[in-house]
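All residue numbers for the sequence shown refer to the numbering used here, where the first residue is 1 and numbers rise by one.
Glycine included, every Cβ here is placed at the ideal spot set by N, Cα and C.
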Amino acid sequence: MASQMTEMLKGTLEGIVLAFLAERPAYGYEITTELRERGFTDLAEGTIYALLVRIEQKGLVSVEKVPSEKGPPRKVFTLNPSGKQQLDEFWATWNLLVSRINNLPHPTTPQKGH
């Protein structure tokens with residue numbers, strides 16, 4: 001089941017991170033830690049950093065370098081209007097997909113005609 005979860009996360013992780021950034025600006029380690037606390041325990045730190053680079057290149061976030069008490073400045077990511085639009089599209093697509101999946105037979109759902 002872990003490999004299936006990993007595969008499903010690949011397709012949704014951008015939306016998950018954008019949803020997190022819609023709550024508040026954050027830096028990479030902070031995003032990883034918070035997502036793990038919310039149950040996304042299999043996330044590798046490197047995965048989040050690579051995704052942050054992609055969403056920055058796509059122009060979905062604004063980035064500010066903030067001094068850090070420990071080490072180099074941190075890149076703090078803030079959802080910008082393009083990111084908000086992308087997040088709205090993610091939720092619309094997600095809701096459509098969920099409604100279609102929920103209409104499929106589930107092991108706990110009695111099949112029609114039986």
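Among the options, nearest to residue i - alpha-carbon criterion
i, options, result
"isoleucine 16", "Val76, Ile31, Lys70", "Ile31"
"alanine 50", "Lys10, Arg24, Asn80, Ala19", "Lys10"
First through last residue of the alpha helix (DSSP H) which encompasses residue i
i, result
"threonine 33", "28-37"
"threonine 41", "Looking at the DSSP string, threonine 41 is not in any alpha helix (DSSP H), and its letter there is neither H nor E."
N- and C-terminal bounds of the beta strand (DSSP E) containing residue i
i, result
"serine 62", "61-66"
"arginine 74", "74-79"
Distance between residue j and residue i (C-alpha atoms, nearest Å)
i, j, result
"proline 105", "asparagine 95", "18 angstroms"
"valine 66", "proline 73", "5 angstroms"
"methionine 5", "leucine 60", "25 angstroms"
"lysine 58", "aspartate 88", "16 angstroms"
"alanine 92", "glutamate 69", "40 angstroms"
"threonine 12", "leucine 52", "14 angstroms"
Outcome for residue i when other beta-carbon atoms lying within 10 angstroms are tallied against a minimum of 16
i, result
"alanine 26", "buried"
"glutamine 85", "exposed"
"valine 98", "exposed"
"glycine 28", "buried"
"glycine 39", "exposed"
Other residues of its chain near residue i: CB distance less than 8 angstroms, five sequence neighbours each side excluded
i, result
"valine 63", "Glu56, Lys75, Val76, Phe77, Thr78"
Other residues of its chain near residue i: CB distance less than 7 angstroms, five sequence neighbours each side excluded
i, result
"leucine 43", "Thr32, Leu35, Arg36"
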